[in-house]
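Have a look at the structure below before the remarks.
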Amino acid sequence: MFVHEEETFDYLELGSQFLKSGDFEGAIGACQNALYINPDSATAMVVMADALNQAGYVDAAILYLARVLLLEPGNIDARTLLTKANFFLDRRNREIILRKQIEDYSVIQYLGCGWEGAVYLTQNSQGEKYIAKVFHPHCIKEINAQGPLRTLRKAVERSRSILINLSNHLRHQAKKNYDALYAISLLKTGNDISGIFYSYEHLIKIQNRHLGFHDVRIGLVGAFLRTQAFLMRNFKYCIVDALPRQFMMTRTGEFRFIDYGVAIIPTYDFRCLEDHWEIVTLIRLLDRLFNPTRKHLFYETSVHSVTPSLSGLYEAAKEHDWLKRIVCTIREEKYDDFLDHHFYTNLASEMPRQLGLATLSQVLGFYCLSQGKRLFNRLHNAAHI
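Counting from 418, one number per residue, gives the positions in the sequence shown under this note's numbering.
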């Protein structure tokens, strides 16, 4: 135990030194190592949050600070940093919402924002509509910087080459294979990749009420499994962040993956070979869909720290052979199976690509009802201005 405490302290000292010198990537990487040894180190999370906040990763900093305050509600450093981070987040979001132009594309509607970037519905001079995801400045810097990325426990390949590769090949393969991926084009500012574009398609946001339908949950899992198989087979990449909010649904009941960015990584770096983030991602998705007693799982973790969550899937595994196979494979520690695209293809083989007519009708009914309420509220508010 003393050895682990000493190792954690050494990494914290290193992280603090990097932070003071302005090397935020180095500070974040050192804190990652400290948290790998001691996941509940509040001191490491505060230093990590400080580095993330100063580097521009405000959303991630807030997550760490919230975790610290769960462990230590009276932590003054965490509360001070949280106030500062929320101020930066509010200011950034105001600027994002007011944006009217992206290169030669006019912004029709602001759609939302995450820790990687903001998403807009845009239109070119010919009237063609596209979805644009514009990365935040810190992400642009991270994606395009020279040398390996150092914000993790070990240095890894940056996302620039991954995005270029996906852009070059997806337009020829994605739709042909009926996967949940779009063909993407790169948005560039000078030589830097600053975002991505893909063709607009009317999509329906997946809400909690939709997840009450068994067919929606199965369809969502099937879309994820097929997409994972496609990326592994064609690129040796995988998705490492895939909750229901990263998918949307077409009006014909097909699912689309909409979160292109740094959450697609190579299967040959340590995050997959050692920590098995591809398994963590799958467990998180299944836990969200099939475990009514679920607990929040943090993104920065390894397969060993999330396997206790499997117990919440035992009941659902009795009803689904594919889920039973996943649970058994993890319990038997056959982790390499999850880096084989055949494994995902076989799991998804009997899962429908589209919702059945009965379920689709109910989903569309909910959608029309929510749109009607939204229109009524707009008209009501306009009448009282």
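Where a beta carbon is used, it is the ideal one built from N, C-alpha and C, also for glycine.
Measuring straight from C-alpha to C-alpha, what distance separates residue i and residue j?
i	j	result
Phe755	Tyr761	8 Å
Tyr716	Asn608	Residue placement at Tyr716 cannot be trusted, given a pLDDT of 48 that sits under 50; what the coordinates show is reported in the next sentence. Cα-Cα distance, rounded: 31 Å.
Leu604	Ile445	27 Å
Ser495	Ser578	With the sequence shown as reference, residue 495 is identified as Ala, and Ser is not the correct amino acid for it. Spanning the two alpha carbons is a distance of roughly 36 Å.
Tyr527	Ser433	38 Å
Cys655	Val697	12 Å
Lys593	Ile519	Unreliable placement is indicated for Lys593, whose pLDDT of 49 sits below 50; the coordinate value is still reported in the next sentence. When rounded, the distance between both Cα atoms is 29 Å.
Leu569	Tyr474	14 Å
Asp440	Ile623	39 Å
Tyr595	Thr667	Interpretation of Tyr595 is limited by its pLDDT of 46, a score under 50 that renders its predicted location unreliable; the figure taken from the coordinates is listed afterwards. Using only the alpha carbons, I get a separation of about 13 Å.
Arg673	Met665	5 Å
Pro683	Gly789	43 Å
Leu781	Leu499	40 Å
Asn522	Cys448	Going by the sequence as given, residue 522 is Tyr instead of Asn. Those two C-alpha atoms are separated by around 40 Å.
Asp757	Val657	15 Å
Answer with buried or exposed for residue i, where buried requires no fewer than 16 other C-beta atoms within 10 angstroms of its C-beta.
i	result
Arg634	buried
Pro661	buried
Cys689	buried
Ala461	buried
Ser458	buried
Glu533	buried
Could you pull the DSSP bridge partners for residue i from this structure?
i	result
Phe435	None, per the DSSP bridge assignment.
Cys530	Ala535
Gly612	Val551, Leu604
Leu620	Thr667
What is the DSSP secondary structure of residue i, reduced to helix, strand or coil?
i	result
Val657	coil
Lys735	coil
Thr710	coil
Asp440	coil
Phe630	coil
Leu603	strand
Ile743	helix
Gln779	helix
Ile525	strand
Gln645	helix
**OP:** Counting only runs of 4+ residues fully inside the region 536-594, write out the alpha helix (DSSP H) ranges in chain order.
**Re:** 554-561, 576-590
**OP:** Give, in chain order, every unbroken run of the alpha helix (DSSP H) that is at least 4 residues long and sits entirely within the region 661-704.
**Re:** 687-690
Subject >> Within the region 448-473, ranges of the alpha helix (DSSP H) (whole runs, at least 4 residues) >> reply: 459-472
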